[in-house]
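The structure appears right after this line, and notes come after that.
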Amino acid sequence: MTIDIIDLNDPKYADLSPVQLAMVRAAQVRKNKLEQQSAADAEEVLGMFIANNTVRSAEYGYRLNALGNSLRKDIEALREDLEYQLAYEALGSEGNENGPYRYPENPNYNLTPSQRFLVVRNYYMEITDDPVARLEAFRGDTLARAYLGEFYQTLYDLLASYI
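For what it's worth, my numbering labels the leading residue of the sequence shown as -7, then goes sequentially.
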């Protein structure tokens, strides 16, 4: 996937966490869907103007221009929302009164379930290279069951697939 919703080479995006990168990818998917929908709308407008034999009219140009402006406005709103989410996540990832967020010592309960999944998965992938020991450690983790909720079984299956 090509990421063009933000410039990842920009120094302010140099140190994105895995959770923040997941946010960027999700925003890129939404942007791609907006562009696809806009292209489909443009084709529909073209078909309508061809059917009415008015493709060379100024109204056709106005309609395409309006579609383009709407797309740019929607993408800019999406980009601003992403930047806000990244900034908020950067603030939230610093920690709380118990210290910096780090699973399992001080888990961040402000994360979405899918972001929690990524945090716990990264933790277990980093603690050991032995897939059997990794699965056994995860199986004994009582915090993970409550912290991950419905994603617990998904992560268990993923870790088991490495054996």
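Positions of the beta carbon are idealized from the N, C-alpha and C atoms, including for glycine.
Since the structure is predicted, the reported quantities are computational estimates derived from the model, not experimental observations.
query                                                                                                                              : result
Which listed residue (R126, N61 and S106) has its alpha carbon closest to that of L151                                             : R126
Pairwise C-alpha distance: L147 and G132                                                                                           : 13 angstroms
L78 and Q20 closer than 7 angstroms at C-beta                                                                                      : no
Residues near T46 by beta carbon distance below 7 angstroms, same chain, minus five either side                                    : Y52
Under the three-state DSSP convention, the category R94 falls into                                                                 : strand
Chain-order list of residues whose beta-carbon lies under 8 angstroms from that of R22 (same chain, five-residue window excluded)  : L70
Cα-Cα separation, G39 to R17                                                                                                       : 33 angstroms
Chain-order list of residues whose beta-carbon lies under 6 angstroms from that of N100 (same chain, five-residue window excluded) : Y93
Close-in-space but distant-in-sequence residues of the same chain around N114 (CB under 8 angstroms, 5 per side omitted)           : P10
Secondary structure of N44, DSSP reduced to three states                                                                           : coil
Of the listed residues N57, G60, V124 and V112, nearest to A138 (C-alpha basis)                                                    : V112
Beta-carbon gap between L59 and D33 smaller than 7 angstroms                                                                       : yes
Closest residue to A117 among N102, L26 and I155 (Cα-Cα distance)                                                                  : Residue identity differs from the one stated: residue 117 is Met in this sequence, not Ala. It is I155 whose Cα lies nearest to the Cα of M117.
A136 classed as buried or exposed, judged by whether at least 16 other C-beta atoms fall within 10 angstroms                       : buried
P99 in three-state terms, based on DSSP                                                                                            : coil
Buried or exposed (CB count within 10 angstroms, at least 16 for buried), R64                                                      : exposed
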